[in-house]
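These protein sequences, in sequence, are chains G and X.
Going by numbering that gives the first Met the number 0, the letters in the first sequence line up with residues 0 to 172, in that order.
Going by numbering that gives the first Met the number 0, the letters in the second sequence line up with residues 0 to 352, in that order.
Working notes for the structure below.
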Amino acid sequence: MDSFWGNIFRGSDDESVYALLRAIPLFDGLSRGELADVESILHRREYAPDEVLFRQDNPGVGMYIIREGSIEIVDEATDETLAELSDGDFFGEMALLNETPRSATAVARTDAVLYGLFRPDLLGLVERDPSLGVQVLLRMARVLSERLVQTNDTVRELRERLHRAQSETESSS
Amino acid sequence: MPDAHHDRSLTTLLREGLRRARGLLVLLGVLGLLYLLQGVAQLLLVAALVAYLLSPLVGRLQRRTSRTQATLVVFGLVVGGAVALGVLLGPVVQQQLQDAARAVDPDRVATAIDRVDARLNAFSDALGGGEVPVEERIDRTVDAWTSGVVDLAAGLLGVATNLVLVPFIAAFLLRDGPRIKRGLIRLVPNRYFEFSLQALHKIDVQLGHYFRGLVLEIAVVALLSIVVLGGLEVPAFVLIGLLAGITTVIPYVGSLVGGSLGVLVELASTGSLPAAGLVLGAVLAIQVADEVVIQPLVFARAVDLHPLEVIVAVLVAAQFFGVVGMVLAIPLTSAAKVVVKEGGALIQRYQFG
Chain G
0 MDSFWGNIFR GSDDESVYAL LRAIPLFDGL SRGELADVES ILHRREYAPD
50 EVLFRQDNPG VGMYIIREGS IEIVDEATDE TLAELSDGDF FGEMALLNET
100 PRSATAVART DAVLYGLFRP DLLGLVERDP SLGVQVLLRM ARVLSERLVQ
150 TNDTVRELRE RLHRAQSETE SSS
Chain X
0 MPDAHHDRSL TTLLREGLRR ARGLLVLLGV LGLLYLLQGV AQLLLVAALV
50 AYLLSPLVGR LQRRTSRTQA TLVVFGLVVG GAVALGVLLG PVVQQQLQDA
100 ARAVDPDRVA TAIDRVDARL NAFSDALGGG EVPVEERIDR TVDAWTSGVV
150 DLAAGLLGVA TNLVLVPFIA AFLLRDGPRI KRGLIRLVPN RYFEFSLQAL
200 HKIDVQLGHY FRGLVLEIAV VALLSIVVLG GLEVPAFVLI GLLAGITTVI
250 PYVGSLVGGS LGVLVELAST GSLPAAGLVL GAVLAIQVAD EVVIQPLVFA
300 RAVDLHPLEV IVAVLVAAQF FGVVGMVLAI PLTSAAKVVV KEGGALIQRY
350 QFG
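Structure below.
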């Protein structure tokens with residue numbers, strides 16, 4: 000079926016997926032064979048403008064990589080746009096580790112094509128090929144630790160601002 | 000701007016509608032095709048089951064080689080294992096069958112049937128009942144079985160074809176299984192995609208445990224039957240034990256159906272009702288052990304169903320859908336429980352839209 004025609008017409012499409020994956024920190028440095036293993040567990044999804052990818056507080060299942068199109072990440076509580084993501088960006092990777100609720104809603108703003116990597120498939124890959132699984136998980140840990148450092152910096156900055164604001168309030172009163 | 004937004008909404012709606020219609024048409028087409036080609040559907044089902052059972056092995060091998068090679072290796076091992084088992088057990092079974100054929104004396108069977116007939120009629124007379132036509136009924140049953148076997152011979156060619164086709168289809172399903180699964184998931188509308196993915200994963204895990212449990216149950220019952228029937232010196236005990244193991248897929252009476260052949264063979268070879276009664280008792284004991292100990296242990300752990308749920312599910316399925324229902328009772332109940340439990344919990348946590 001798919002693989003039959005895939006074997007005949009294999010080529011440019013796969014290459015562009017590999018290029019897309021190589022550009023993502025979770026998969027950089029992986030060999031072509033390892034990338035092929037990762038590609039084999041990706042789900043290609045197409046979205047129309049205004050279509051919701053996932054809603055805030057829904058259980059997280061995995062991450063998405065944008066092949067083409069624009070995705071808006073919205074905080075539904077404040078209706079604030081947290082990020083505008085486009086070709087080559089990825090999001091939702093925390094859901095690969097556990098079933099935490101989505102922290103925001105993702106909406107397609109244009110016609111979009113995305114590749115989804117989901118926890119059940121990643122766990123299957125880890126079980127099937129622990130060496131590759133460890134590599135991906137280590138890279139994920141690196142990405143998350145970098146985000147944690149950024150978050151810590153932001154929290155520190157906000158605390159400093161809060162302290163300054165409190166000091167100003169106390170001195171003015 | 001409002002016009003542009005309106006146009007975009009219309010386009011989105013139209014695209015969504017077309018996507019749903021396409022999914023529905025594909026689903027209806029597949030169901031219609033399966034209905035029209037029921038024979039092919041059965042073949043596909045058996046092949047899919049074989050592929051499903053072997054899939055974890057291929058997955059484990061895949062880390063060292065390609066999926067195609069892993070599939071070929073696993074199929075090679077399975078076919079090799081089957082041939083080795085045939086080579087090892089074949090002569091034993093053949094010898095046992097020859098011994099059984101020599102031991103079976105038709106006169107003894109006739110005498111035994113006459114004795115049963117006489118005793119039952121005497122018992123019936125004592126109770127004031129009419130004649131019990133045991134002999135006549137046995138004759139009718141034997142006739143029916145014989146004609147059934149003759150009819151079966153015509154279907155053997157089909158069986159031989161299936162024996163070639165099923166592994167062939169299973170090999171392709173095994174190799175391309177993940178791709179086919181992904182292709183099917185692609186048909187799910189975006190709104191239900193993540194939910195479906197999670198639900199399917201949980202069902203997959205549970206059914207995998209169930210089928211592995213079933214294989215374990217067959218092995219345990221077959222081994223137990225071979226040991227017990229061998230201890231009772233029943234002719235052809237290896238073959239009858241294997242048959243009792245295989246028929247255990249039918250809950251409640253499975254191993255009894257297979258093992259009852261042992262009772263007949265014992266009766267035919269010794270002509271002794273007490274000896275046949277002993278074999279019947281042993282077969283009943285194995286059936287009870289299967290129902291009370293083996294099945295609840297294996298399936299309750301594998302499918303996460305309470306033993307009482309297993310029994311109720313099998314009873315209800317048997318009531319409404321007969322033997323087929325009994326065979327499918329556990330996997331369907333398991334799938335239904337997972338869908339209700341996990342799906343219910345997930346639906347409460349999901350917002351669709």
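Just so it is clear, CB atoms sit at the ideal spot from N, CA and C, and this is done for glycine as well.
Nothing here was measured: the structure is a model prediction, and the numbers come from that model.
Within the stretch 49-63 of chain X, the residues whose Cβ lies closer than 8 Å to any Cβ of chain G are, in chain order, Gly58, Arg59, Gln61, Arg62. For X/Gln97, the closest C-alpha among the options X/Glu290, X/Leu279, X/Val237 is that of X/Val237. According to DSSP, residue pairing for X/His208 in a beta bridge does not occur.
Fully contained in the stretch 24-106 of chain X is no beta strand (DSSP E) run of length 3 or more. G/Arg31 is outside the set of residues whose beta carbon lies under 8 Å from a beta carbon in chain X. Excluding five sequence positions before and after X/Ser259, the CB atoms of its chain that fall closer than 7 Å to its own CB belong to Val282, given in chain order. Here G/Ser85 has Ile65, Gly68, Ser69, Ile70 as same chain residues with Cβ atoms under 8 Å from its own Cβ, once five neighbours each way along the sequence are excluded. Within the same chain, Cβ atoms closer than 6 Å to the Cβ of G/Ile40 are found at Asp120, Leu124, the five residues on either side in sequence being excluded.
For the pair G/Glu98 and G/Pro58, the CB atoms are nearer than the 8 Å cut-off. Its chain contains Gly132 as the residues whose beta carbon lies nearer than 8 Å to that of G/Glu126, once the 5 sequence neighbours on both sides are disregarded; these appear in chain order. G/Ile40 sits in coil when the DSSP states are folded into three classes, being neither helix nor strand. For the stretch 76-137 of chain G, the full-length beta strand (DSSP E) segments reaching 3 residues or more read 79-84, 104-107, 111-117 along the chain. Ranked by Cα distance from X/Ala50, the first of X/Thr246, X/Arg63, X/Val313, X/Leu71 is X/Leu71. Chain-order list of chain G residues neighbouring X/Ile184: His42, by C-beta distance under 9 Å.
Counting every other CB atom within 10 Å of its CB across the protein chains shown gives G/Leu113 a total of 16 or more, marking it as buried. With a threshold of 16 other beta carbon atoms within 10 Å, G/His42 meets it and is buried.
Our two residues, X/Ser254 and X/Ser271, have alpha carbons roughly 23 Å apart in a direct line. Contact of X/Phe192 with chain G is assigned, a C-beta pair being separated by under 8 Å.
At a cut-off of 8 Å, the C-beta of G/Arg66 has no neighbouring C-beta in chain X. Under the DSSP assignment, X/Glu265 falls in the alpha helix (DSSP H) whose first and last residues are 253-269.
G/Tyr17 has a beta carbon lying at 8 Å or more from every beta carbon in chain X.
Annotation: the continuous beta strand (DSSP E) that includes G/Val73 extends over 70-74. In this structure, DSSP gives X/Gly244 a helical state, which the three-state scheme calls helix.
Between G/Ala105 and G/Leu52, the CB-CB gap stays under 8 Å. For X/Asn161, not one C-beta of chain G is nearer than 8 Å to its own C-beta. When beta bridges are read from the DSSP output, G/Gly61 appears opposite G/Phe117.
According to the DSSP secondary-structure assignment, G/Tyr46 is paired through a beta bridge with G/Ala111. According to the DSSP assignment, G/Val51 belongs to the beta strand (DSSP E) that extends over 51-53.
The C-beta separation of X/Ile245 from X/Ile285 comes to about 14 Å, leaving the pair out of contact by the 8 Å criterion. A buried status is given to X/Gln95, since no fewer than 16 other beta-carbon atoms sit within 10 Å of its beta-carbon. X/Gly212 has its alpha-carbon roughly 22 Å from the corresponding atom of G/Leu122. Restricting attention to X/Gly276, X/Thr64, X/Ile184, X/Phe167, the CA atom closest to the CA of X/Val78 is found in X/Phe167. Nearest CB-CB separation between X/Arg19 and chain G: not below the 8 Å threshold. By the beta-carbon neighbour count (other beta carbons within 10 angstroms, threshold 16), G/Ser30 is exposed. For X/Val291, there is no enclosing alpha helix (DSSP H), since its DSSP letter is neither H nor E. For the C-beta of G/Tyr114, not a single chain X residue is nearer than 7 Å; the gap to the nearest is close to 11 Å.
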